[in-house]
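Novice: Shown below is the structure under consideration.
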Amino acid sequence: MFLKRNQINLSVLFKNVYQIHLCGFSNKEVNSRMRVLNVAEKNDAAKNIAGHLSGGNLQRREGFSKFNKIYEFNHTFQGSPSTMIMTSVSGHLLGYEFQGSYRSWTSCSPLELFHIPVVKECPKDFLNIKKTLIREVRSCNALVIWTDADREGENIGFEIIDVCKEVNPRIQVYRATLSEITKPSVQRAISSLGPPNKNISDAVDVRSELDLRIGAAFTRYQTMRLQKVFPEVLAKSLISYGSCQFPTLGFVVERYKDIQNFIPENFWKIKVHHKIENLDVEFSWQRVRLFDEVLCNVLYERCQENPTALVLKVTKKPKTKWRPVPLDTIELEKAASRKLGINAKETMKIAEKLYSQGFISYPRTETNIFPKELNLSNLVQLQVQDNNWGDFAQNVLNNGPSPRQGKKSDQAHPPIHPTKYTHGLQDRERKVYEYVVRHFLACLSKDAEGEETIVNIEINGEKFLANGLRIIALNYLEVYPYDKWSNKQIHNYNQGQSFMPTRLEMIDGQTSPPNLLTEADLISLMDKHGIGTDATHAEHIETIKSRLYVGLENNKYFVPGELGIGLVEGYDNMGFEMSKPHLRAELEADLKKICEGTKSPLVVLREQIAKYKEVFIKTTEQVEKLDQSLGKYLRAQPVAFQNNGQHESMTVKNIRKCPVCKLTNLVLKKKQNNQGFFVSCSGFPTCRNSYWLPPSVIEATVSDNVCSQCSGGIKLIKFQFTARSMRPHYPDTYEGCINGCDSTLCEILQVNISRPSSSSSSTQPSNRNIVTTNQNRGPNRDNNVPCPTNNLSRTGSSQNIQHLNNDQVCCQCGNAAKLLTVTRETANKGRQFYGCSKPISATDRCTFFLWADDQPMPAAGRPNTQFNNRNNGQNNYGQMNNSYRARAVNNQSGGQRKCGLCKQPGHTRRNCPQN
DNA sequence: GCAAGGTC
């Protein structure tokens, strides 16, 4: 599909590219020789591709990296004689990292790792490679990407493009697609170049960024918390989480638990022996076994009544044992672990060394089919000289190599095979090399041949059978001692013949649990469930060993460690299948859609971040389950966790779903300077909805209690206000809902989280209309205001107090309200408002507040709309606690002040929205 | 001190 699309676009692309190219250069440049920079994924590939394109006529020179050489040769490019410069990277050139100070674990809450910026940058080790690219591309007109034809290769290609375009933005970019590095393939690739595929690269970027954010957030959170909760056991442990390491751990724990929970069952069966001289042939029961002892005994007694065996049938048929399929990485790892006693990680290390010395082909391959272009005979010929397998190799040559082909191809590398003969290796290197050679010769030879004999007998109605095997030709087994196949002798029987068994017995047994997982089993499970890649299975296993999540029993079987099983069980108890292999199935499907161009990478990133962030927040909410589970296995009492304030979001509780993005939740946060609080969407910065609580809130925590008025499980918030900063009847501590139902609280705070905040498009807090004191924020100012008198009088000589002319504004006390002016240095300085006329020091002073003008405030200073809304005189005290509610209700007593124009309570004619 | 993916 991909190739086809590229090929279709090719003629158009080249036409355009060539025209652009001509436009971009001076005549002198056009007339000069083309210089083309070619970049492969690794040096080895660059060397071979250059070799094929140049026919061996090339010059090698050094780059800045000693591992990545530069090969220069002449070749026709797009019809023009050109100078080709071929070099390489070493896998990914760039990697995602958190920016600057965020690399420090104490710089921010782990929760913020879901959103803080990440950058793609070149690790120190690869700076020399980058320098080579920068130097070389400056003088080139075109860039050809020769990275592997897989997702990662496409992404590495774009990393190369990004680096090159930074210094040569006009460079024209092409993608060469290879299925293997052979002369015909390389020739085909250079003559059918296409554009690189951004979709595929984007999918890898999404995956990488998610892995970093999710891995780092959980790792930092787990580590920092559990080190403190179990200081004696885990003080120095790194307790990591990763999308591959956790499911790998999960497999080990699951098998262990299967064994622990296994309940053995008793069974019974009948066995028949027929011994002549020294050969005892055992016949097995066709019913295999019964779980009912009485029934088995009945059948056994029936056999005993007439024990003569009648031979029903004797079948002889050819039996073959198949030679192995060509060797891929997974099979090498499994075989080395099972047959050579070398674990997967060590095996790969050895194989990489053998590869770098030229003894074997590239050891990271998913391919088990030999490409047609590979000259197998030449490779076999190299082995003829060996004392142990040389004769066998000669036989293979004589018969012609006939590979048994598998079904997998990564379109990048051939199966693992020897590329050079050596007999000078020692120990483990020798073992691995020998295995590769023997496997190679075995898969090119013939299947083992034998003859199987099956004898069916009957004893008084019960049927039994025995089989024998006669090996006719060992074939591949001669060179492959890792497989066992042996003769099994059996007497000569003829159909219709009778004989008397030498022994007839009923035996009992018990079902047994499965074995613990071996490394080979674990690799098979990872492969089956798509955990990691062929190149990384061994590393993930090594990781969970080094983190003490698992250990080895008898140096062979994996058992979970206390830490590993405690973690898995803790997350299971929370209801999160963090250790289950299907957790990322949805992401995998989305990545495929990105590759196909049917889903935007940004959307996938946003959705996946939201999903994992939700899991993270819920984890913090019930993290005690993790403590308990670990405490059980570590046999340690969890120490109560003290949040020292460094990570204010170590415990995060959702308040409600964000009304703006509707994806993630609103959470309570401390401001950066630790002075005050705000409520914001946990999807920041994708969603910037936020609500800033006034400075009078000196402490705020999300309660476990849910609002009884609002639907959807809105969490209440416990507030502590500065002493006497609220209205006189308002308590300093108060638990309430800020979702709109508690209009009084919402008005005091000027926050209503049921609707988007006025600052939802900004990351900065809005400048609030701070008046002289917080007392001036009267929640009831438009709410059933009693006013016993229509006559306002001049009640003071302060400059802030002014005549009200025909507007009649009364405060809650029933007195004429004072007209005051904001004197603080705020956005509202100079603005007038009405307040209670009693002295600020008066204990019975009410908190009435009303802006005197109805001019719109500047956007930044506009208070939450709830503050200005009229509420039609309805009682909105439903959410207050009892003591406060009682006072509040008392304060409503008296008549209602209504507008002369619209007849609605709560405002004056002058302020009437209909005016 | 975090992940997983390339590679040396």
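Numbering (my numbering), first residue to last: 1 to 915. Glycine included, every Cβ here is placed at the ideal spot set by N, Cα and C. In this text the structure is predicted, and so the values were computed from the model without any measurement.
(1) If you draw a straight line from the alpha carbon of lysine 407 to that of lysine 317, how long is it in whole angstroms?
(2) Spell out the partners DSSP gives methionine 84 in its beta bridges.
(3) On the CB-based measure, 16 or more other CB atoms within 10 Å of its CB, does isoleucine 129 come out buried or exposed?
(4) Rounded to whole angstroms, what's the CA-CA distance from leucine 58 to histidine 52? Just pull it up for me.
(5) Compute the distance between the beta-carbons of proline 415 and threonine 453, then report whether it is under 8 Å.
(6) Please name the residue in Val660, Thr422, Pro231 and Ser708 whose C-alpha comes closest to that of serine 690.
(7) Along the chain, where does the beta strand (DSSP E) that runs through threonine 320 open and close?
(8) Identify, in the order they occur along the chain, each residue of the same chain with its Cβ nearer than 6 Å to the Cβ of serine 798, setting aside the five sequence neighbours on each side.
(9) Pair every Cβ in the segment 435-445 with every Cβ in the segment 478-490, then say whether three or more of these pairs are closer than 8 Å.
(10) Do you know how far the Cα of phenylalanine 246 is from the Cα of arginine 547?
(11) Straight-line CA distance for lysine 556 to glycine 250?
(12) Among the residues of its own chain, which have a CB less than 6 Å from the CB of proline 513, if the five just before and after it don't count?
(13) For threonine 182 and leucine 226, what's the separation of their Cα atoms in angstroms?
(14) If we count Cβ pairs, one from each stretch, closer than 8 Å, do we get three or more for the segment 467-474 versus the segment 502-512?
(15) Among all the DSSP beta bridges, which residues are the ones paired with arginine 656?
(16) As an exercise, report each continuous alpha helix (DSSP H) stretch of at least 4 residues that is fully enclosed by the segment 521-547, in chain order.
(17) Three or more beta-carbon pairs under 8 Å between the segment 703-714 and the segment 731-740, yes or no?
(18) Quick check: what's the CA-CA separation for alanine 393 versus glycine 631?
(19) Output needed for glutamine 99: all residues of its chain with C-beta closer than 6 Å, excluding positions within five of it in sequence on either side, in chain order.
(20) Any idea what DSSP makes of leucine 749, helix, strand or coil?
(21) Going by DSSP, what residues sit across from methionine 506 in a beta bridge?
(22) Would you call the segment 83-100 and the segment 156-170 touching, i.e. three or more CB-CB distances under 8 Å?
(23) Would you check if the segment 484-496 and the segment 333-349 touch, i.e. whether three or more CB-CB distances between them fall below 8 Å?
(24) Output the distance between the C-alpha atoms of isoleucine 239 and serine 743, rounded to the nearest integer angstrom.
(25) In three-state DSSP terms, what is isoleucine 471?
(26) Identify, in the order they occur along the chain, each residue of the same chain with its Cβ nearer than 7 Å to the Cβ of tyrosine 102, setting aside the five sequence neighbours on each side.
(27) Between the segment 199-208 and the segment 169-178, do at least 3 Cβ pairs fall closer than 8 Å?
(28) If you draw a straight line from the alpha carbon of isoleucine 49 to that of aspartate 391, how long is it in whole angstroms?
(29) Please determine if the segment 690-700 and the segment 745-757 are in contact, where contact requires at least 3 C-beta pairs separated by less than 8 Å.
(30) Compare the C-alpha of lysine 431 against each of Ser337, Pro110, Pro231 and Ala535 and name the closest.
(31) Could you give the DSSP three-state label for alanine 585: helix, strand or coil?
(32) Answer yes if the segment 556-576 comes into contact with the segment 609-625, meaning at least three C-beta pairs across the two stretches below 8 Å, and no otherwise.
(33) Using the Cα positions of glutamate 596 and asparagine 197, report the straight-line distance between them to the nearest angstrom.
(34) Quick one: grab the DSSP three-state call for isoleucine 454.
(35) In chain order, what residues of the same chain lie with their CB nearer than 7 Å to the CB of proline 501, ignoring the 5 residues before and after it?
(36) When burial is assigned at 16 or more other CB atoms within 10 Å of the CB, is asparagine 278 buried or exposed?
Specialist: Quick answer:
(1) Computed Cα separation, rounded: 28 Å.
(2) Methionine 84 is bridged to Val36 and Phe73.
(3) The C-beta of isoleucine 129 has 16 or more other C-beta atoms within 10 Å across all chains shown, which makes the residue buried.
(4) Cα to Cα, leucine 58 sits roughly 10 Å from histidine 52.
(5) No. Outside cutoff.
(6) Ranking the options by Cα distance to serine 690, first place goes to Val660.
(7) Counting along the chain, the unbroken beta strand (DSSP E) around threonine 320 starts and ends at 309-321.
(8) Unreliable placement is indicated for serine 798, whose pLDDT of 31 sits below 50; the coordinate value is still reported in the next sentence. If we look at serine 798 and ignore the five residues flanking it on each side, it has no Cβ neighbours.
(9) The segment 435-445 vs the segment 478-490: in contact.
(10) In this structure, the CA atom of arginine 547 is about 11 Å from the CA atom of phenylalanine 246.
(11) Lysine 556 and glycine 250: Cα-Cα distance of roughly 18 Å.
(12) Sequence-distant Cβ neighbours of proline 513 in its own chain, meaning closer than 6 Å and more than five residues away, are Ile259 and Phe262.
(13) Roughly 53 Å between the two C-alpha positions.
(14) Result no; under three Cβ-Cβ pairs closer than 8 Å.
(15) Partner(s): Leu666.
(16) You should have 537-546.
(17) Under the 8 Å Cβ criterion, the segment 703-714 counts as touching the segment 731-740, having at least three qualifying pairs.
(18) Answer to the nearest angstrom: the Cα atoms are 59 Å apart.
(19) Closer than 6 Å at Cβ, skipping near neighbours: Pro117 and Val119.
(20) In this structure, leucine 749 counts as helix in the three-state DSSP scheme.
(21) For methionine 506, the pairing in a beta bridge is given by DSSP as Ile270.
(22) These segments touch.
(23) No: fewer than three Cβ pairs fall under 8 Å.
(24) Isoleucine 239 and serine 743 have their alpha carbons spaced roughly 45 Å apart.
(25) Here isoleucine 471 sits in strand by DSSP.
(26) Closer than 7 Å at Cβ, skipping near neighbours: Cys108 and Ile116.
(27) With a cut-off of 8 Å, the segment 169-178 and the segment 199-208 do not count as touching, because too few Cβ pairs lie within range.
(28) Taking the straight line joining both Cα atoms gives about 34 Å.
(29) A contact exists between the segment 690-700 and the segment 745-757.
(30) Nearest option by C-alpha distance: Ser337.
(31) The DSSP-derived three-state label of alanine 585 is helix.
(32) Contact between the segment 609-625 and the segment 556-576 is present, because at least three Cβ pairs lie under 8 Å.
(33) Cα to Cα, the separation comes out at about 10 Å.
(34) Strand.
(35) Hits under 7 Å: Val272, His273, His274, Pro307 and Ala309.
(36) With fewer than 16 other Cβ atoms from the protein chains shown falling within 10 Å of its own Cβ, asparagine 278 counts as exposed.
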